[in-house]
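Engineer: First, the structure itself, so that you have it in front of you.
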Amino acid sequence: MDQLAKLSPAERRQFETEVQQEVMRQAFQELVQNATDKCFDKCITKPSSSLSSGEQNCMSKCMDRYIDAMGVVGRALAEQG
């Protein structure tokens with residue numbers, strides 16, 4: 007952490023921006039993985055080499071709902087913080 011103290015204000019802002027972007031990237035990856043896992047468990051009853059049209063439709067709707075819900079939560083948290 008001593009290295010952080012040596013950064014100029016501009017370098018510090020750049021570093022903080024890069025860290026925030028990495029945290030957001032990881033959070034997005036986790037969101038996608040969680041949604042995929044939950045929707046797979048809900049929609050895929052008999053795993054095989056391909057998805058039926060019903061399974062495809064279920065996965066699409068499930069992912070849409072999951073992402074919409076996460077958007078609502080994200081906006082609510084942003085308003086609070």
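Following the numbering used here, the numbering of the sequence shown begins with 7 at its first residue and continues without gaps. Ideal Cβ positions, reconstructed from N, Cα and C, are used throughout, including at glycine.
(1) By DSSP, does T51 sit in helix, in strand, or in coil?
(2) Helix, strand or coil: which one does DSSP assign to L13?
(3) I need the straight-line Cα distance from S55 to C49, nearest angstrom please.
(4) Using only the alpha-carbon positions, how far apart do Q20 and D8 sit?
(5) Rounded to whole angstroms, what's the CA-CA distance from M69 to L13? Just pull it up for me.
(6) If you pair each beta-carbon of the stretch 64-79 with each one of the stretch 33-50, do three or more pairs fall below 8 Å?
(7) Could you give the distance in angstroms between the alpha-carbon of Q62 and the alpha-carbon of E36?
(8) Alpha carbon to alpha carbon, what distance is there between E28 and L83?
Structural biologist: On the basis of the supplied data:
(1) coil
(2) coil
(3) 15 Å
(4) 17 Å
(5) 42 Å
(6) yes
(7) 22 Å
(8) 19 Å
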